[in-house]
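Residue numbers (the numbering used here), protein chains in the order written: chain A, 21 to 246; chain B, 21 to 246. Ideal Cβ placement from N, Cα and C applies to all residues, glycine included. Just so you know, these numbers come straight off a predicted model, no measurement behind them.
Number of protein chains: 2
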Amino acid sequence: MPQTPSPEKPRTRIASVSNGATRERNEREILTAAERVFAAHGYRGASVQAIAEAAGLPKSNVLYYMGSKRGLYVRLLERMMARWNALLDDISVDDDPAEVLEAFIRSKMELSRRHPEGSRLFAAEILGGAPFLQDYLSGELRTWVEERARIFEQWAERGLMDPVDPVWLIFLIWSATQHYADFEAQVLGITGRDEITDADVERITAFLTQVILKGCGVRPPAAAPD
Amino acid sequence: MPQTPSPEKPRTRIASVSNGATRERNEREILTAAERVFAAHGYRGASVQAIAEAAGLPKSNVLYYMGSKRGLYVRLLERMMARWNALLDDISVDDDPAEVLEAFIRSKMELSRRHPEGSRLFAAEILGGAPFLQDYLSGELRTWVEERARIFEQWAERGLMDPVDPVWLIFLIWSATQHYADFEAQVLGITGRDEITDADVERITAFLTQVILKGCGVRPPAAAPD
DNA sequence: GTACATCCTGACCACATGGTCAACCTCATG
DNA sequence: CATGAGGTTGACCATGTGGTCAGGATGTAC
């Protein structure tokens with residue numbers, strides 16, 4: 021119904037130039053604003069009105085593009101999950117534990133750093149009992165964790181690291197890295213700064229890498245080149 | 021001593037027996053219910069109606085006891101801060117770092133364990149930018165952290181542990197322990213369990229203690245029994 | 001110009017929101 | 001019994017909620 025394709029006319033370009041461009045620009049604006057509002061107030065606490073104001077658009081326009089509050093929220097979650105899934109996608113038993121763990125910590129830290137609102141959105145969803153993400157958690161993400169946990173275990177068997185519980189190790193890395201996005205307000209309040217700089221992130225990453233690798237009996241990367 | 025016979029006139033004192041008891045019972049019921057609802061949906065997302073239903077009381081009754089939604093929320097935050105302040109209250113440079121750090125991890129873990137809703141309430145407040153807690157964070161809590169950080173530094177100077185940044189170490193312990201309350205839904209989904217048992221908590225505590233102490237170059241308590 | 005799809009939005013709807021209030025109930029004491 | 005303070009709550013209010021819709025604006029293709 022939205023589009024009526026002509027059977028024979030060579031309409032290579034149905035949509036006008038402004039069409040796609042306008043849509044893309046507005047959707048991006050709305051998604052950015054919505055991520056911020058949902059992150060700050062959770063699903064119920066966020067109002068379409070507030071999102072619209074943050075995006076500089078009338079409420080009706082937001083609903084025109086996104087259909088519904090729920091649809092918008094789900095779309096944001098899916099975008100965040102996609103970013104997440106790209107993390108540490110290909111590791112094998114033959115990789116160097118130190119390198120992989122450092123890459124894990126670093127990339128997770130970068131993810132929280134680059135998408136703090138998305139990170140908080142995710143956190144708020146989990147805090148509320150993950151009503152929209154239960155299937156993802158006990159499906160895709162669980163598999164993701166189990167696969168990596170198996171590799172950690174094999175490393176332990178080969179004596180490349182201590183035989184720590186791999187799942188709790190993953191949780192430890194998650195929580196430690198996520199903290200700087202989710203609890204940013206706390207970190208800033210306590211340290212007395214007004215922002216977390218790139219240099220801070222670099223230092224925190226180094227700190228976490230050092231403590232966690234040493235804590236698991238993994239030697240730092242420099243010690244294990246071939 | 022439920023009632024004190026007034027020496028002169030029974031004018032000033034009028035509280036009946038049922039008065040205090042009823043009030044106490046209802047307030048406790050409301051606070052428990054409210055903590056759960058605020059934790060799940062944040063300040064804006066929680067409705068007085070939902071809290072009332074969770075407490076098994078009419079909405080009017082909740083407002084009769086608590087005055088306003090905001091007052092109820094602030095009261096819950098203060099209760100949680102009081103629990104928090106009792107943590108690791110007296111440590112000195114002369115204590116054993118291993119014992120103190122383990123006690124810190126353990127008591128923080130127990131706090132999250134005993135008050136998961138309060139923990140999530142706090143988390144939701146910080147996630148939303150800590151609109152009600154900014155002063156507390158940059159005041160009391162900041163002092164709390166600085167005092168303990170100073171002690172960690174002195175331990176490092178004495179060679180009792182690695183010279184890691186003490187503030188980030190505190191954040192690391194906070195995030196790792198808080199994770200099991202705040203992200204409970206994630207932990208359960210991924211591990212496939214339906215609850216986190218006392219035995220799990222014990223094992224997680226041991227894991228965190230081992231990794232963090234070793235990671236900071238602290239030796240475990242020499243006199244550890246078994 | 002006409003045609004047509006997309007874009008835009010104020011007005012509107014049914015319902016939920018936090019909060020108020022007056023009327024009621026309960027019950028120990030005088 | 002009557003008093004009176006605490007406890008209880010349905011009805012009510014102004015405002016906010018997510019969502020709909022009709023009608024107009026805009027721009028490109030013919």
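**Item:** As assigned by DSSP and simplified to three states, the class of M129(B)
**Value:** helix
**Request:** Return the CA-CA distance between A70(B) and G235(B), expressed in angstroms with no decimal places.
**Result:** 45 Å
**Request:** Take every Cβ of the region 56-69 of chain B, pair it with every Cβ of the region 57-75 of chain A, and state whether three or more of those distances are shorter than 8 Å.
**Result:** Enough Cβ pairs lie closer than 8 Å, so yes.
**Request:** Give the residues from the region 168-187 of chain B that approach chain A closer than 7 Å (Cβ to any Cβ), ordered along the chain.
**Result:** V184, D185 and V187
**Same chain, Cβ closer than 7 Å to L161(A), five either side skipped, listed in chain order** = none
**Prompt:** On the three-state DSSP scale, how would you describe M100(B)?
**Reply:** In the structure shown, the three-state DSSP call for M100(B) is helix.
**Prompt:** Using a C-beta to C-beta distance shorter than 9 Å, which residues of chain B count as neighbours of H199(A)?
**Reply:** F191, L192, W194, S195, A196, Q198 and H199
**Message:** For a cutoff of 8 Å on Cβ pairs, would you count I111(A) as touching chain B?
**Reply:** no
**Request:** Report the option in P151(B), Y85(B), I232(B) and T217(B) whose CA atom is closest to the CA atom of T42(B).
**Result:** Y85(B)
**Prompt:** Is the region 175-189 of chain A in contact with the region 207-221 of chain A, if contact means three or more CB pairs nearer than 8 Å?
**Reply:** no
**Asked** So which residues of chain A does R162(B) contact, with C-beta pairs closer than 9 Å?
**Response** G209, I210, T211 and G212
**Request:** Tell me, please, whether the CB atom of Y63(B) is closer than 8 Å to any CB atom in chain A?
**Result:** yes
**Prompt:** Of the residues A53(B), A118(B), I50(B) and G87(B), which one's Cα is nearest the Cα of R239(B)?
**Reply:** For R239(B), the nearest C-alpha among the options comes from A118(B).
**Message:** Taking 6 Å as the limit between beta carbons, can you name the residues of its chain near W175(A), skipping five residues before and five after?
**Reply:** P117 and M181
**Item:** Selection from V207(B), D185(B), E47(B) and E173(B) that minimises the alpha carbon distance to V231(A)
**Value:** Ranked by how close their Cα comes to the Cα of V231(A), the residues V207(B), D185(B), E47(B) and E173(B) have D185(B) in first place.
**Asked** Given that R127(A) touches chain B, what residues does it touch there, using C-beta distances under 8 Å?
**Response** Reading off the sequence shown, one finds Ser at residue 127(A), where the question assumed Arg. By Cβ distance, chain B contributes nothing, its closest Cβ being about 18 Å from S127(A), past 8 Å.
**Run of the alpha helix (DSSP H) containing A106(A), from where it starts to where it stops** = Segment: none, A106(A) is in no alpha helix (DSSP H) and carries neither H nor E.
**Item:** D202(B) classed as buried or exposed, judged by whether at least 16 other C-beta atoms fall within 10 angstroms
**Value:** buried
**Prompt:** Who are the Cβ neighbours of A196(A) in its own chain at under 7 Å, not counting the five residues just before and after it?
**Reply:** L228
**Request:** Please check if any C-beta of chain A sits within less than 8 Å of the C-beta of R140(B).
**Result:** yes
**Prompt:** Counting along the chain, where does the alpha helix (DSSP H) carrying E137(B) start and finish?
**Reply:** P136 to L147
**Near the ligand MN: A59(B) beta-carbon under 7 Å from a heavy atom** = Ligands displayed in this structure: none; no statement on the ligand MN is therefore possible.
**Message:** Excluding the 5 residues flanking L96(A) on each side, which residues of the same chain have their C-beta closer than 7 Å to its C-beta?
**Reply:** L51, A54, E55, F58 and L141
**Message:** For a contact defined as C-beta to C-beta under 9 Å, what are the partners of S158(B) on chain A?
**Reply:** L208, G209, I210 and G212
**Message:** Looking only at its chain, what residues have a beta carbon closer than 6 Å to the beta carbon of V113(A), apart from the 5 residues adjacent to it on each side?
**Reply:** I171 and Q174
**Prompt:** For a contact meaning CB atoms closer than 9 Å, what does V165(B) contact in chain A?
**Reply:** I210 and T211
**Item:** Beta-carbon neighbours of Q154(A), restricted to chain B and to distances below 7 Å
**Value:** G209
**Asked** Using the beta-carbon count (16 or more within 10 Å), is E204(B) buried or exposed?
**Response** Label assigned to E204(B): buried.
**Prompt:** Cβ of A60(B) less than 8 Å from any chain A Cβ?
**Reply:** At least one chain A Cβ lies under 8 Å of A60(B).
**Item:** Cβ distance (whole Å) where W194(B) is taken to contact K89(B) below 8 Å
**Value:** Taking 8 Å as the upper bound for CB-CB distance, W194(B) and K89(B) are not in contact here, some 28 Å apart.
**Asked** Three or more C-beta pairs closer than 8 Å, one from the region 96-106 of chain B and one from the region 141-157 of chain B: is that the case here?
**Response** The region 96-106 of chain B is in contact with the region 141-157 of chain B.
**Asked** Buried or exposed: which applies to A60(A), given that a residue is buried once 16 or more other Cβ atoms fall within 10 Å of its Cβ?
**Response** buried
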